[in-house]
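The block underneath contains the structure these notes are about, expressed in structure tokens.
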Amino acid sequence: MGVRRGERWIVRHVDITVDRGQLIYLIGANGAGKSTCAKAILGLLDIDEGTIERMSSLEVGYVPQRLALNPTLPLTVRRLMTLTGRFPKDHIESALAAVGLDRLGDPPVTTLSGGEFQRLLLARALIHRPDLLVLDEPAQGVDTAGSGVVLDLIQGIRRDLRCGVLLISHDLHAATSTGDDVVVLVPHEHDEPPPARPDPPAHLSRREARKL
0 MGVRRGERWI VRHVDITVDR GQLIYLIGAN GAGKSTCAKA ILGLLDIDEG
50 TIERMSSLEV GYVPQRLALN PTLPLTVRRL MTLTGRFPKD HIESALAAVG
100 LDRLGDPPVT TLSGGEFQRL LLARALIHRP DLLVLDEPAQ GVDTAGSGVV
150 LDLIQGIRRD LRCGVLLISH DLHAATSTGD DVVVLVPHEH DEPPPARPDP
200 PAHLSRREAR KL
């Protein structure tokens, strides 16, 4: 698939397949188009080249890179879980339990640590019991120990739900040690019209990525 703004390609020749139960990493430098790919896969952004195929009745959970909250709003943990709709209470409690926040009570969101807040965003993505999780830098702003906790949770969730996971990251080491496959994006420097025969996609297996 490809996405452009005007005549400039943001991403191009990207080929990603995420099967049930797989953990696929999408890595690259800032500006390489990782978040653009995520939004295109989610249907939040139109693509200008290629196709995106989704299985029928696909349920997708999404953790954005950032979620701006007004600190003056009296949001609690469980209130945040219901902002996008009404869900059965057992779904909410199950999602909170999956990320280890079920025993936290219902404190204001503003009192959570960085790691707890990231886990709360992950819990929100689990309410629908998704077939696919798209996680945009889910450990951003979390220290090394907290990042490991988040990654362990993601591994457990994909095993329990047998969902596919597309994880956007800068961490090549984590990608090669825990992912099933790694897709590497590089900033696109070509503004000319699409060629008749596209270049091969930047797709690496774990073994190939380790050589970088």
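Counting in numbering that gives the first Met the number 0, the sequence shown runs from 0 upward without gaps.
Cβ coordinates follow ideal geometry from the N, Cα and C atoms, glycine included.
Here the structure is a predicted model, which means the values were calculated and not measured.
Judged by pairs of C-beta atoms under 8 Å, the stretch 9-29 does not touch the stretch 94-106, as fewer than three such pairs exist. With a minimum length of 3 residues, the unbroken runs of beta strand (DSSP E) contained wholly in the stretch 42-74 fall at 59-62.
If you check the CB distance, R19 and R161 come in under 9 Å. In this chain, the alpha helix (DSSP H) harbouring S146 covers T143 to L160. A distance of 9 Å or more separates the beta carbons of V108 and V59. S34 sits in a helix when the DSSP states are folded into three classes. Ranked by how close their Cα comes to the Cα of A173, the residues V148, Q117, T35 and G32 have V148 in first place. Within the stretch 92-139, the beta strand (DSSP E) runs of at least 3 residues that lie entirely inside it are, in chain order, 131-135. Distances from the CA of A138 to each of L125, D170 and G30 were compared; the closest alpha carbon is that of D170. Per DSSP, reduced to three states, the secondary structure at I9 is strand. About 6 Å separates the CB atoms of L120 and L66; that is less than 8 Å, so the two are in contact. For the 9 Å CB-CB criterion, V62 and R123 form a contact. Using a Cβ distance threshold of 9 Å, V13 and L184 count as a contacting pair.
For R85, the three-state secondary structure derived from DSSP is coil. Secondary structure of I167 (DSSP, three-state): strand.
Per DSSP, V2 lies in no alpha helix (DSSP H); the unbroken beta strand (DSSP E) holding it starts and ends at V2 to R4. Shown here for G32: same chain residues with a beta carbon closer than 6 Å to its own, the five before and five after excluded, namely I9, V10 and L184 in chain order. V2 is a Cβ neighbour of D47, given a cutoff of 9 Å. Excluding residues up to 5 positions away in sequence, M0 and G1 lie with their Cβ nearer than 7 Å to the Cβ of G49 in the same chain.
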